[in-house]
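The structure appears right after this line, and notes come after that.
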Amino acid sequence: QVQLVESGGNLVQPGGSLRLSCAASGSIFIFGVYGMGWYRQAQGKQRELVATVTNDGSTNYADSVKGRFTISRDNARNTLYLQMNSLKPEDTAVYYCNAYYKSLTYWGQGTQVTVSS
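Residue 393 is where the sequence shown starts when you use our numbering, and the numbers rise one by one after that.
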């Protein structure tokens, strides 16, 4: 089985920064093979893509976070990151880590980010 454990969510004021982490593990899980991504789900809304990074390091961002968020991965530590700067109240959501490879996809349990003064 594959486990994805997110951390780093918190309450932060508008304009602030947070860094989310996602630690991946599993007996047959090869982190470097998987594409990875961050998704978020605000209360009452559908889950949406935030950013993805392929196994060769190519990144993709939702228009709403371009220039503010940065996704990165450390294959040696089996860890995915999301650096979030210039946070806005509309960034408030539960953030989920995702791993994907061919037909396989795995999700973490989520971490709450709240942006409020």
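Where is the CB? At the ideal position from N, CA and C, for every residue including glycine.
Taking the Cα positions, residue 469 is about 9 Å away from residue 416. Just so you know, the alpha carbons of residue 450 and residue 405 end up roughly 30 Å apart. By the CB criterion at 9 Å, residue 507 and residue 408 fall inside the cutoff. Taking C-beta atoms as the reference points, residue 426 and residue 447 count as a pair closer than 9 Å. For residue 426, there is no enclosing beta strand (DSSP E), as DSSP marks it with neither H nor E. The C-beta of residue 402 has fewer than 16 other C-beta atoms within 10 Å across all chains shown, which makes the residue exposed. Around the beta carbon of residue 497, fewer than 16 other beta carbons sit within 10 angstroms, so the residue counts as exposed. By a beta-carbon distance limit of 8 Å, residue 467 contacts residue 424. Their separation comes to about 4 Å. Residue pairing from DSSP leaves residue 482 without any beta-bridge partner. In the three-state reduction of the DSSP assignment, residue 444 falls in the strand class, which pools E and B. Under the DSSP assignment, residue 505 falls in the beta strand (DSSP E) whose first and last residues are 503-507. For residue 399, the enclosing beta strand (DSSP E) stretches over residues 394-399.
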